[in-house]
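The structure appears right after this line, and notes come after that.
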Amino acid sequence: MANYLVIVESPTKVKTVKKFLGKNYNVLASNGHVRDLPKSSLGINVEDDFEPKYITIRGKGELVAALRKAADKADKVYLATDPDREGEAISWHLSKALRLEPKKMRRITFNEITKTAVKASLKNARDIDMDLVNEQQARRCLDRMVGYEISPLLWKKIKRGLSAGRVQSVALRIIADREAEINAFIPREYWTMDAQFHVEGEKKLLTAHFYGDTKKKIEIESEEQLLKIQDAIKNAKFSVTDIRVSERSRKAPLPFTTSTLQQEASKVLNMSTYKTMQIAQQLYEGIDLKKSGSVGLISYLRTDSTRISEEADQAARTYIHDQYGEEFMAQGATTENKNKNSQDAHEAIRPTDVTRTPASIKEFLSRDQFRLYQLIWKRFVASRMAPAKYETNTVKISDGNYVFNASSSRIKFEGFLSVYVQDDEKKLENDHLNGITKDSDLRLESLDPEQHFTQPPAHYTEASLVKTMEELGIGRPSTYAPTITTIIARHYVTREKKNLYITELGEVVNDMMKQAFPSIVDVDFTANLEQLLDAVGTGKLGWKTVIENFWPDLAGSVKKAEEELAEVKIADEETDVVCENCGRHMVIKYGPHGKFLACPGFPDCRNTKPYLEKTGVQCPKCGGEILLKKTRKGRKYYGCENNPDCDFMSWQKPTKDKCPKCGSYMLEKGNKIVCANKECGYVSVREKDDEEK
219 MANYLVIVES PTKVKTVKKF LGKNYNVLAS NGHVRDLPKS SLGINVEDDF
269 EPKYITIRGK GELVAALRKA ADKADKVYLA TDPDREGEAI SWHLSKALRL
319 EPKKMRRITF NEITKTAVKA SLKNARDIDM DLVNEQQARR CLDRMVGYEI
369 SPLLWKKIKR GLSAGRVQSV ALRIIADREA EINAFIPREY WTMDAQFHVE
419 GEKKLLTAHF YGDTKKKIEI ESEEQLLKIQ DAIKNAKFSV TDIRVSERSR
469 KAPLPFTTST LQQEASKVLN MSTYKTMQIA QQLYEGIDLK KSGSVGLISY
519 LRTDSTRISE EADQAARTYI HDQYGEEFMA QGATTENKNK NSQDAHEAIR
569 PTDVTRTPAS IKEFLSRDQF RLYQLIWKRF VASRMAPAKY ETNTVKISDG
619 NYVFNASSSR IKFEGFLSVY VQDDEKKLEN DHLNGITKDS DLRLESLDPE
669 QHFTQPPAHY TEASLVKTME ELGIGRPSTY APTITTIIAR HYVTREKKNL
719 YITELGEVVN DMMKQAFPSI VDVDFTANLE QLLDAVGTGK LGWKTVIENF
769 WPDLAGSVKK AEEELAEVKI ADEETDVVCE NCGRHMVIKY GPHGKFLACP
819 GFPDCRNTKP YLEKTGVQCP KCGGEILLKK TRKGRKYYGC ENNPDCDFMS
869 WQKPTKDKCP KCGSYMLEKG NKIVCANKEC GYVSVREKDD EEK
């Protein structure tokens, strides 16, 4: 009997895959990559055709030897690493490390770890796709070049332990740019006004929203404008001038891609991108369902496609027909996304068996596994269901000059909403509008104005950053979570609640990258480079061509930066703060969260304390000194030196000036000085200091 060896990546998959194959199949795991570029050097011969130098990863020698021994005994070796670009590269590295003869090895892939998929993969065994391997080589070499050439420069100019990355540095800039946009934002005042009408024959008051005049929509921008409108309508006679009843449909959402799963899991389950991928990997590789054994519950988790196989689509429609009825089934083909950056290499993320409901396997899953599986299952089933249908009722109320609108909406047919309700589903309002006609007698009961101020752009969350990176073409499904994890681990960014804030350290690194390596942190440049790398994966471009064109500019920028870039003077700068333990003047050091004070007598004296930078501005509450401080996670703010007795704090820097309009304190916002009192709204242009000119 022939002897076959199947090599997968994860040990978790071994048990799941093994039960689908016969006794003459031996299944072993490579534990990911077995070869990589050396850590001690660049590992790319830039003088000789940019040839990479791969070595066996330290600590994997015994594993490689065991795999080679098993491969020698086998009649055929099936390389069954993950069905993506990196998995293809791992298979290629395995073929080299195990010294496999081409005629003896075959590459197999399965999008889901089920008996049907694994058996089918053996029938469709193929050669290793060298285009995908070369794309991965190109990405690895580019990442190594950026990391190994720029990181030492950051160590030299700022502090040791910092890093730069082809994708992470752009992600950091995206966050920094948003932070700058928020800091420079100046609120604009506006008002809304609701009217309460008594409708003859109705007990409940009707709420209508101010729209404008009979000609156009009007934005109320000041209290003066509001009072003028109120005076004009307070004694007016109102009537219903128009009633419109219409029907609208809301399409079912598409099944999850990696990006949309990370976004929805963050919003609904409060999971980080890293945790989402970790749990999804467990669901993909296999969960022990006791009687059924280890079963892969979802399809492959790294994908940018919303495409679904015909078999899975039909299975979902059959389930919906049996459980909900024919009217709940989607009619015709469901629309797929047309993202220009999509590679469409895999199906969307879906359950491997739609009849395996979350409730039926809950006892075998951890809390997080259940919650994520339920989210994926519901989204997939909903994607094959009919649209939800609403009846909307819009009433226009006018006194002949000004117009108020009231609207209501009710669900006529739940469709996919019977399975999956998204966060942004609007609440119903004014559900009693159906009793109103053009002859209804109206009486104005009250006017309820409310002052508002426009809000700055929201801070990025992990979910919104992933969405932005995908829209801009920065990174690919497999890189979103590692990129965010890295910039948080490096303390360039801190996460508070769900929001991401750049730290002082992140600002320093970002500023240096923008100054010395503008192309590396340029969004358009990085997105274009991603497209070139995709072209390598489809065989349209040679991988070394990309490297050859990239290296000279990078090397030139590094050399120029080494010569011209000033060192950031933030370490060992002596201050007038005296160490209370030994009497020395404390110095400024730089740690994971930014600057701090340390005694220069280390290690004899280990005294440290927070670095509180004076601003020269008096506290508007108590007259004390305003200091630049940092939260525990490294986010900058301005607070009073007399804290906790004085609770003054501001995210923007206060100025010495008082508002000439209301006397309140002023804040710096970009190139403007604005009054801290929102109701005042005074703004002036800030004069640049000598360092900025």
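Per the numbering used here, residue 219 is the first one in the sequence shown, and the count goes up by one each step. Every residue, glycine too, gets a C-beta built ideally from N, C-alpha and C.
Contacts around R357, its chain only, beta-carbon distance under 7 Å, and the 5 residues preceding and following it disregarded: L751
On the three-state DSSP scale, how would you describe W869? coil
Quick check: the Cα distance between T459 and E609, rounded to an integer number of angstroms? 20 Å
Just confirm the distance between the C-beta atoms of I538 and A566, as a whole number of angstroms; I'd bet it's less than 8 Å. With a Cβ gap of about 17 Å, I538 and A566 do not count as contacting.
Cα separation between S682 and D302? 25 Å
Beta-bridge partners of E269, as assigned by DSSP: N263
Taking the alpha-carbon of H222 as reference, which of E725, R325, I765 and K854 has the nearest alpha-carbon? For the record, residue 222 in the displayed sequence is Tyr; it is not His. Ranking the options by Cα distance to Y222, first place goes to R325.
Decide if K236 is buried, meaning its Cβ has at least 16 other Cβ atoms within 10 Å, or exposed. buried
Skipping 5 residues on each side, what residues in its chain have a beta carbon closer than 7 Å to that of N193? Past the edges of the chain, shown from 219 to 911, lies residue 193, and the structure says nothing about it.
Check for me: the alpha helix (DSSP H) holding F768 runs from which residue to which? W761 to E782
Here's the rule I'm using: 16 or more other beta-carbon atoms within 10 Å means buried, otherwise exposed. How should G504 be labelled? buried
What do you get for K645, buried or exposed, if any count of 16 or more other CB atoms within 10 angstroms of its CB means buried? Because K645 carries a pLDDT of 49, less than 50, the predicted location of this residue cannot be relied on, and the following value inherits that uncertainty. Per the 10 Å Cβ criterion, exposed.
A789 to K715 span [Cα, whole Å]: Residue placement at A789 is poorly supported in this model, since its pLDDT is 46, which falls under 50; the coordinates are not used for a value here.
Does S477 come out as helix, strand or coil in the three-state DSSP assignment? helix
Looking only at DSSP bridge pairs, what is I516 linked to? P569
Which value, in whole angstroms, describes the spacing of the CA atoms of R952 and Y719? There is simply no residue 952 to check, as the chain begins at 219 and stops at 911 in what is shown.
Out of C797, K876 and N861, which has the shortest C-alpha to C-alpha gap to V835? K876
Checking the sheet assignment: what are the DSSP bridge partners for C893? M884
Just confirm the distance between the C-beta atoms of A470 and M603, as a whole number of angstroms; I'd bet it's less than 8 Å. 5 Å
Classify P576 as buried or exposed, calling it buried when 16 or more other Cβ atoms lie within 10 Å of its own Cβ. buried
What did DSSP end up calling I331 once you bin it into helix, strand or coil? coil
By the three-class DSSP mapping on this structure, what secondary structure does I447 have? helix
Can you tell me which of T849, V764, T655 and Q749 puts its alpha carbon nearest to the alpha carbon of H709? T849
What does a CB cutoff of less than 6 Å around E330 pick up in its chain, not counting 5 residues either side in sequence? G514, S517 and T570
In the DSSP output, what is T612 paired with across the bridge? R462 and S625
Output needed for Y429: all residues of its chain with C-beta closer than 7 Å, excluding positions within five of it in sequence on either side, in chain order. K435, V621, F622 and N623
So P576 is in the alpha helix (DSSP H); what residue range does that whole segment cover? P576 to I579
Determine the contact status of V226 and T334, defining contact as a CB-CB distance below 8 Å. no
Per-residue DSSP class, three states only, for K879: coil
Can you say whether C893 is buried or exposed, counting buried as having 16 or more other CB atoms within 10 angstroms of its CB? buried
Counting pairs of beta carbons, one from the segment 266–282 and one from the segment 342–351, are three or more of them closer than 8 Å? no
Might you give, ordered along the chain, the residues of its own chain that have their beta carbon closer than 6 Å to the beta carbon of A315, omitting 5 neighbours on each side? V252, R253 and V282
Among I654, V795 and W409, which one has its Cα closest to the Cα of N825? V795
Considering only residues of the same chain and omitting the five flanking positions on each side of E399, which have a CB-CB separation below 6 Å? P675
Please name the residue, chosen from E465, D293 and K421, that lies closest to E663 on a Cα-to-Cα basis. K421
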